[in-house]
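There are 2 protein chains.
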Amino acid sequence: MTETQYFLLPGPTQVPPSVLRAGSAPMVNHRGPEFKVIFQNMIESLKQIFRTKNEIITLTCSGTGGMEASIVNFINPGDKVIVASIGNFGRRYRDLAQTFGAEVDFIEAPWGSAIDPEEIKKRLDADSRKEIKAIIFQHNETSTGVYNPLEAIAAACDGHPALRIVDSVSGMASAPLATDEWGLDVVVAASQKAFMSPPGLAFIAVSEQAWQVQAKNTNRKFYFDLDNARKFALLGQTPFTPAIATAYAVAQALKIMLEKGLDNIIADHFRRRDIVRQGIEALGLRCVADPGCASPAVTAIYTPKGIAPPQIVKPLREKYNAVVAGGMGDIKDESFRIGHLGYINDLDLIAVLAALEMVLLELGLDITLGSGVAAAQKHLMKSSK
Amino acid sequence: MTETQYFLLPGPTQVPPSVLRAGSAPMVNHRGPEFKVIFQNMIESLKQIFRTKNEIITLTCSGTGGMEASIVNFINPGDKVIVASIGNFGRRYRDLAQTFGAEVDFIEAPWGSAIDPEEIKKRLDADSRKEIKAIIFQHNETSTGVYNPLEAIAAACDGHPALRIVDSVSGMASAPLATDEWGLDVVVAASQKAFMSPPGLAFIAVSEQAWQVQAKNTNRKFYFDLDNARKFALLGQTPFTPAIATAYAVAQALKIMLEKGLDNIIADHFRRRDIVRQGIEALGLRCVADPGCASPAVTAIYTPKGIAPPQIVKPLREKYNAVVAGGMGDIKDESFRIGHLGYINDLDLIAVLAALEMVLLELGLDITLGSGVAAAQKHLMKSSK
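Chains as they are written, first to last, in the numbering used here: chain A, 772 to 1156; chain B, 772 to 1156.
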């Protein structure tokens, strides 16, 4: 195993050395005063990133566990819900909702496109009896590298009482999100994305309206029971032993993030997106996402005709020590993905573009070495003023 | 916050420095070849500790998440099950089973005692129609410091088809357990106990019979769906992003454990139990557990008359930097607990006994300084030959 890699996945993401070190501190009592301070500070810092005054509950699980919690606490079996998908993880939300008995009206944008807020509005306007209990939508989708116009989607929900449940696992702190201002009721995030920390913790912000719905929820739940978690959170604890080391890491990562400022962090993500996209397009490759909704967190790229994703991903890793992701879902066999969220050095992106050029040339494609790099450099120079 | 503590909780436990360091390595792709090697080696090592050839599934969650998985995969709503409890976590299993709709026949031993295998046998013998689908019992209970005669309980189940589901979260690798030899169908463990690692991963061994039951299970489940996890495990992966850093830590901890040998590890736990118990009894305090079932993982101790647990736990931490646990459940207000599982130096136990003597003296008790320590020393010298 190579100790140091150019690590450009859409999650887990690179963890800064100080965050790795923070995560290697000795254990403390998760019901003692030391953890209480760490835990409560973590929550307060998370609120700034979520842009919310709502409570944020911490769960020891992956992002999918957080998504499950957002279903089993707020949706009853038989409830009508809309799931608006823009790719693989949107489908996972559909599967989750159906698994727990929801009646799902499934909307899916063409892969590479965002949700049209009008689609949501039309359905809600037609729901004169207000039977729809929740609209589930995504902030960002890693399979396609698309981010949604979250503010406009939220606005399309105005006037309808359905809960707004948002998967922001890969979107949080990479694309804009304002939980309170946009009236988002349930927002799910996870430690291993823009939070630059190891996987193991999920975070879920819950509005007052959502808590009221939760109180009447009839689903069977125990580990993911958010009301129980809320009671323990008031004591600065979790109901069950939390991933303490991951909490240490997240606490340190949040310190770095708040020092940098959320607006700067998001601007960095958009700049990195454009560096990658300029480089990719200069090489004649095509990005999956439409330009208007191209994700600041990850870029999905169609492979050149006749080239399967492993033909690119494998030599990048084996020859150049650069880790990018393969495709997912409908475009699994025709795309690969460069993650650019979290802790990334701009030059890393240029290095990986250079490696990609060499791999493509070795595959027999007509590539001018340095051409993708040059386009990326130009964008980098321009955007750094 | 004090950086170094005498850390004697029944979980999380102390993490050895090399395990902390292992957990602070950079991230890798959880679907890539590097993680596959770590993951598969971890599973193979775990099998040696579980003493099983059965598959072991890894979940990113606390031990309670693993317990939930053992319910929602193997017990249908309406199923009759026996839950045999020896304390607080036995009750949690009852609550879990009831939450997911099981019809629970709840047995509880008096706090401080183990389960009488005859109790189980009587019930199973009376079940002539074989309606009982599962017997859920504990390996070790941290609230009372009691461990069960697992082999005898398992033998009492012989001849009945009910699944044998075992909570071994705090028992695994501290008290004897032989999954295959004793015919245990589902065995749950977690990273933060005798595995000397941070919390965040649960492990669950599943027998062939249990997989057959799982295939017909009708519970709603997604994050804890073990059949899905099994499919991914065949690829050396997990369905959802795992706690990678915790897996690094566990892999290193298992290396240490297998070098030491499971029998030696368990013998160490029993020696440490006796060191603590001898010291405690020499001070005139009374242990909660009957001597015949006193846990090798943790010792629960009644506080002297008129003394509340925080009067002991708090000065131990604040004055002497020694972290022990308060009471739980029925004996919450009359007991405290010294954990001695995982990575413990014998002398740490003696140091904490010394601190306890000073705290008790300061509380006005008639304590001869050094008397508990001396009893512990004698046992230590005898047991080290």
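Virtual Cβ for every residue (Gly too), placed ideally from N, Cα, C. Computed from a prediction, not measured in an experiment: that's the story for all the values here.
- Judged by beta-carbon spacing, S945(A) lies within the 9 Å limit of I1037(A), meaning their Cβ atoms are closer than that value.
- Pairing V940(A) with G834(A) gives a Cβ-Cβ distance under 9 Å.
- Using beta-carbon distances, L997(B) does not count as an interface residue toward chain A, since no partner is under 9 Å.
- Residues of chain B whose Cβ lies closer than 8 Å to the Cβ of E839(A) are, in chain order, F993 and Y994.
- Its chain contains I846, D850, K851, V852, A933 and L934 as the residues whose beta carbon lies nearer than 7 Å to that of K904(B), once the 5 sequence neighbours on both sides are disregarded; these appear in chain order.
- Pairing C928(B) with E839(B), the inter-Cα distance amounts to about 22 Å.
- Between I1015(B) and M798(B), the CB-CB gap stays under 9 Å.
- Looking only at L1134(B), N825(B) and I1078(B), the smallest Cα-Cα distance to V977(B) is reached by N825(B).
- Restricting attention to Q869(A), S856(A), K1076(A) and F1011(A), the CA atom closest to the CA of T913(A) is found in S856(A).
- If you keep only unbroken alpha helix (DSSP H) runs of at least 4 residues inside the stretch 913-980 of chain B, you get 921-927.
- Contacts between M943(B) and chain A, judged by CB atoms closer than 9 Å, are missing: the closest CB pair is about 15 Å apart.
- Residue pairing by DSSP puts C1058(B) in a beta bridge opposite I1072(B).
- In this structure, the alpha-carbon of T870(B) lies about 30 Å from that of Q909(A).
- Put simply, the backbone Cα of F1107(B) is about 27 Å away from that of A1018(A).
- Listed along chain B, no residue sits closer than 8 Å to F877(A) by beta-carbon distance, the nearest being about 16 Å off.
- In the three-state scheme derived from DSSP, where H, G and I count as helix and E and B as strand, D850(A) is classed as coil.
- Closer than 7 Å at the C-beta level to chain A, one finds these residues of the stretch 1001-1033 of chain B: F1011, T1012, P1013, A1014, I1015, A1016 and T1017.
- For T1070(A), the closest C-alpha among the options A981(A), K1076(A) and M1099(A) is that of M1099(A).
- Beta-carbon to beta-carbon, D998(B) and A986(B) are separated by about 7 Å, close enough to satisfy the 8 Å threshold.
- Contact between the stretch 1046-1058 of chain B and the stretch 1066-1085 of chain B is present: three or more C-beta pairs spanning the two stretches fall below 8 Å.
- Residue contact with chain A for T831(B): present (Cβ-Cβ distance below 9 Å to some residue of chain A).
- Here the alpha carbons of N919(B) and G942(B) stand approximately 9 Å from one another.
- Scanning the stretch 804-832 of chain B from its first residue to its last, the whole alpha helix (DSSP H) runs of 4-plus residues come out as 804-821.
- Among the residues of chain A, none has a CB under 8 Å from the CB of F860(B); the nearest is roughly 11 Å distant.
- The DSSP assignment places complete alpha helix (DSSP H) segments of no fewer than 4 residues inside the stretch 1076-1118 of chain B at 1080-1091, in order along the chain.
- Interface residue (Cβ-Cβ distance to chain A less than 9 Å): N1035(B) is not classified as such.
- Residue nearest to A1024(A) within the set E922(A), L817(A), Y1091(A) and H931(A) is L817(A) (criterion: CA-CA distance).
- Taking a 10 Å sphere around the C-beta of N800(B), we find 16 or more other C-beta atoms and assign the residue as buried.
- Under the DSSP assignment, K1002(A) falls in the alpha helix (DSSP H) whose first and last residues are L997 to A1004.
- Look at the stretch 959-973 of chain A: the residues with a C-beta under 7 Å from a C-beta of chain B are Q963, P969, P970 and G971.
- Listed along the chain, the chain A residues whose CB falls inside 8 Å of the CB of T870(B) are R991, K992 and F993.
- Excluding sequence positions up to five before and after I1109(B), its CB lies within less than 6 Å of the CB of L779, V1047, T1070 and V1095, all in the same chain and listed in chain order.
- The stretch 801-810 of chain B and the stretch 1003-1014 of chain B touch, with three or more beta-carbon pairs separated by less than 8 Å.
- In the three-state DSSP reduction, N990(A) falls in the coil class, being neither helix nor strand.
- In terms of Cα proximity to A973(B), the closest of T831(B), E774(B) and P804(B) is T831(B).
- Listed as beta-bridge partners of S856(B) by DSSP are E879(B).
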